[in-house]
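In full-length UniProt numbering, the protein residues as written are 1 to 601.
Quick notes on the structure that follows.
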Amino acid sequence: MASTISMPPTDPSSSSTEDPAAKAVNKRYEGLITVRTKATKGKGAWYWAHLEPILVRNPESRLPKAVKLKCSLCDAVFSASNPSRTAAEHLKRGTCPNFSSVLRPNPSLSPLPISSLASPSVSYHHNHLESTRLLSYTSHTDNNNNNVGLTQHHLILSGGKEDLGALAMLEDSVKKLKSPKISPGPALSKGQIDSAFDLLADWFYESCGSVSFSSLEYPKFRAFLNQVGMPAISRRDLSGARLDNKFYEAKDESEARIRDARNSFRKYKMQELDCAGLIRVPFNECHCSSNIAHVFAMLEDILNCSQVLQMVVLDDSYKGICIEDPVAREVASIVQNEGFWNDLGAVYALVKLIRGMAHEIEVERPLIGQCLPLWEELRVKVKEWCAKFNIAEAPVEKIVEKRFRKNYHPAWSAAFILDPLYLIRDTSGKYLPPFKCLTHEQEKDVDKLITRLVTKEEAHVALMELMKWRSEGLEPLYAQAVQVKQRDSVTGKLKIANPQSSRLVWETCLSEYKSLGKVAVRLIFLHATSCGFKRNWSLMKWICVHRHSRIGLERAQKMIFIAAHSKLGRRDFSNEEEKDADLFMIGSEDDILNGVFTDAP
Numbered sequence: 001m002a003s004t005i006s007m008p009p010t011d012p013s014s015s016s017t018e019d020p021a022a023k024a025v026n027k028r029y030e031g032l033i034t035v036r037t038k039a040t041k042g043k044g045a046w047y048w049a050h051l052e053p054i055l056v057r058n059p060e061s062r063l064p065k066a067v068k069l070k071c072s073l074c075d076a077v078f079s080a081s082n083p084s085r086t087a088a089e090h091l092k093r094g095t096c097p098n099f100s101s102v103l104r105p106n107p108s109l110s111p112l113p114i115s116s117l118a119s120p121s122v123s124y125h126h127n128h129l130e131s132t133r134l135l136s137y138t139s140h141t142d143n144n145n146n147n148v149g150l151t152q153h154h155l156i157l158s159g160g161k162e163d164l165g166a167l168a169m170l171e172d173s174v175k176k177l178k179s180p181k182i183s184p185g186p187a188l189s190k191g192q193i194d195s196a197f198d199l200l201a202d203w204f205y206e207s208c209g210s211v212s213f214s215s216l217e218y219p220k221f222r223a224f225l226n227q228v229g230m231p232a233i234s235r236r237d238l239s240g241a242r243l244d245n246k247f248y249e250a251k252d253e254s255e256a257r258i259r260d261a262r263n264s265f266r267k268y269k270m271q272e273l274d275c276a277g278l279i280r281v282p283f284n285e286c287h288c289s290s291n292i293a294h295v296f297a298m299l300e301d302i303l304n305c306s307q308v309l310q311m312v313v314l315d316d317s318y319k320g321i322c323i324e325d326p327v328a329r330e331v332a333s334i335v336q337n338e339g340f341w342n343d344l345g346a347v348y349a350l351v352k353l354i355r356g357m358a359h360e361i362e363v364e365r366p367l368i369g370q371c372l373p374l375w376e377e378l379r380v381k382v383k384e385w386c387a388k389f390n391i392a393e394a395p396v397e398k399i400v401e402k403r404f405r406k407n408y409h410p411a412w413s414a415a416f417i418l419d420p421l422y423l424i425r426d427t428s429g430k431y432l433p434p435f436k437c438l439t440h441e442q443e444k445d446v447d448k449l450i451t452r453l454v455t456k457e458e459a460h461v462a463l464m465e466l467m468k469w470r471s472e473g474l475e476p477l478y479a480q481a482v483q484v485k486q487r488d489s490v491t492g493k494l495k496i497a498n499p500q501s502s503r504l505v506w507e508t509c510l511s512e513y514k515s516l517g518k519v520a521v522r523l524i525f526l527h528a529t530s531c532g533f534k535r536n537w538s539l540m541k542w543i544c545v546h547r548h549s550r551i552g553l554e555r556a557q558k559m560i561f562i563a564a565h566s567k568l569g570r571r572d573f574s575n576e577e578e579k580d581a582d583l584f585m586i587g588s589e590d591d592i593l594n595g596v597f598t599d600a601p
């Protein structure tokens, strides 16, 4: 074996003055010994009486390697990272085979239900049965003490009836024939009922709304409890003091875990940044596609605390945790990996780029003629991002083009061509529509949309006017007047001085384009933005149901907290509703990569 378990000497730190890891292990061991010594009363006394801290030593160097907890009832060994959770899983939930026998004595053996027999020698049968029962009990006791048990002789009843077990089976058959109803399950002791009730309550609280209180009074559920030998359960049993105790227990454990985690982090963050805050982390139900602000805040905090996190994983207390916790070791390796920070910086820069453009669009509310220039601006910025962080361009461009095709509308191209704001000066000095910026398919979209927006009689005329507009454009003086920009006093950005000039040009200088002018005025002033939102009401449903009652609202909040605390303890961050949805969506494909960009309305 790589290590051996042995009891430490009186001064365990004397042999490990050189090794910091051994010091951390010894410190952890001494802390557990102190806690166990002081836990003579209170909520932890019940499990410290059966859990004993021990040191795991290296067989070669004899230095302490890890701290474990040993169950004195079954000699099982566990991690010492969370004694209360170990006690709850091993002792309270019935994993330890000897814990239940310590809490309550074994019930005495029940005599077999044998009816009196009509026989001339009743006293003989009575004495014979009593001696048989005494002989059986003596044999059972001696066998438990590992002594040689008394051998029971074959019992013979008068009248030719043999074997008391057969007689009992006969009586049971007669009773079943007289009353064919389903008999209740075997009678449980009070300790067994309490233990089963605790497990049922834990399951109910951790389900957090998936199971309603009314389900406890469902007839078939009550029939099930009766069949297994448990009494009926009411709503009051689970919504009163038991819920409060479970909530405070989970709250105490959660606060202790938070204190342990943040003390080291705050110490080094105070040294580096002169402030003692924590990293903002989105809640478990947060969907990155619709709540990118929470994820962006987390990325920003992690990047700002990069030096702090690297100092934390080098601390002796954290090294002691890494000895026993594989997740802590994995986190330390990630924090110390330079590639992780480069990738994180790239993700942060990309999210910041897209959020910045989305914010500008949301504030300025661009017209549909600006959609194509905005997408081209995005392509340029994404290429610069790929070059800066050494990212392959092909996969990223594929995602951008896929999102563009999903959101594209033919009106974008038509408005872009008809708006004098986007006229381009050619070598001859003319200001012409930017047809060269369109693809062949987009040019076809312009023709189709214009013919669709006019009557059938005007369709041919509109296309002829479009050809003339393409070849002649607008007079340079008027084109320059439309495209005049001035700096915004608030944002400092250059903006069009007179946004209405595009419409005025079509109504005055370009009045000869009768059909095309009507289409242009109709298109170029359409806004391209819209707003939508998504909400997940999985947890808020309980709050809404109990919102009219202060006590009911408080109970719902406590159950939500208990369920979240239980998931954290199990390291289960999944969503039950998403699991159910995945079950019914087997065979479909999710577009994960495209979730970076906003969905089309």
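Every residue, glycine too, gets a C-beta built ideally from N, C-alpha and C.
On a predicted model such as this, the values are computed, not experimentally measured, just so you know.
Rounded C-alpha distance that separates residue i from residue j
i, j, result
"K161", "E171", "Below a pLDDT of 50, predicted positions are generally treated as unreliable, and K161, at 44, falls in that range; no measurement from the model is reported."
"S471", "L432", "7 Å"
"L526", "I361", "14 Å"
"L553", "K68", "41 Å"
"Q192", "T95", "14 Å"
"S76", "K70", "The amino acid occupying residue 76 in the given sequence is Ala; Ser does not appear at that position. If I take the Cα positions, the gap works out to 6 Å."
"S210", "A196", "20 Å"
"Q442", "Q500", "26 Å"
"D19", "A80", "20 Å"
"K430", "C509", "15 Å"
"E377", "A459", "34 Å"
"T10", "N26", "In this prediction, T10 scores a pLDDT of 42, lower than 50, which makes its location untrustworthy; the coordinate-derived value is nonetheless stated afterwards. Each residue's alpha carbon lies about 12 Å from the other."
"E249", "L200", "17 Å"
"S173", "G229", "21 Å"
"G339", "L449", "50 Å"
"E206", "D198", "12 Å"
"A187", "R62", "53 Å"
"I279", "R257", "16 Å"
"C305", "P326", "23 Å"
"P97", "D252", "28 Å"
"R522", "P410", "14 Å"
"L303", "G473", "51 Å"
"P476", "H359", "34 Å"
"N390", "A564", "40 Å"
"A88", "Q227", "27 Å"
"L273", "D301", "With a pLDDT of 49 at L273, under the threshold of 50, the modelled position of that residue is not reliable, and the figure given next carries that caveat. Straight-line Cα distance between these residues: approximately 12 Å."
"K456", "A394", "44 Å"
Spatial neighbours of residue i in its chain, beta-carbon cut-off 8 Å, leaving aside the 5 residues before and after
i, result
"L494", "K485, Q486, R487 and D488"
"L225", "P231, A232 and I233"
"L374", "M357, I361 and P366"
"I39", "With the sequence shown as reference, residue 39 is identified as Ala, and Ile is not the correct amino acid for it. A45 and W48, listed in sequence order."
Chain-order list of residues whose beta-carbon lies under 6 Å from that of residue i (same chain, five-residue window excluded)
i, result
"A2", "Because the pLDDT of A2 is 39, which lies under 50, any placement of that residue in the model is unreliable, and the number read from its coordinates should be weighed accordingly. Answer for A2: no residue qualifies."
"L299", "Y348"
"H140", "Note that H140 scores 42 on pLDDT, short of 50, meaning its location in the model is unreliable; the coordinates nonetheless yield the value given after this. So no residue of the chain qualifies."
"D419", "G369, S502 and I524"
"N245", "none"
"A223", "none"
"V281", "M298"
"K518", "none"
Beta-carbon proximity check, residue i vs residue j, cutoff 7 Å
i, j, result
"V335", "V308", "no"
"L463", "W412", "no"
"V363", "F296", "no"
"P53", "L32", "yes"
"R555", "S239", "yes"
"I368", "A415", "yes"
"I560", "C208", "yes"
"R36", "G320", "no"
"S511", "V461", "no"
"F247", "I562", "yes"
CA nearest to the CA of residue i, picked from the options
i, options, result
"S214", "R235, S207 and Q442", "R235"
"M311", "S333, V327 and D325", "S333"
"Q483", "A392, R57, E253 and L504", "L504"
"I551", "F221, A241 and E475", "A241"
"D194", "T451, Y218 and D237", "D237"
Within-7 Å CB hit, residue i to chain D
i, result
"E472", "Looking at the structure shown, chain D is missing, and only one protein chain is on hand."
Nonlocal neighbours in the same chain, by C-beta distance under 7 Å from residue i, ignoring five residues either side
i, result
"V396", "V382 and C386"
"S72", "H50 and E52"
"A66", "V25, V56, I323 and E324"
"Y513", "E465 and W469"
ask   = Counting Cβ pairs, one atom from each stretch, are 3 or more of them under 8 Å apart for the segment 420-436 and the segment 375-391?
value = Contact between the segment 420-436 and the segment 375-391 is absent: fewer than 3 CB-CB pairs across the two stretches fall below 8 Å.
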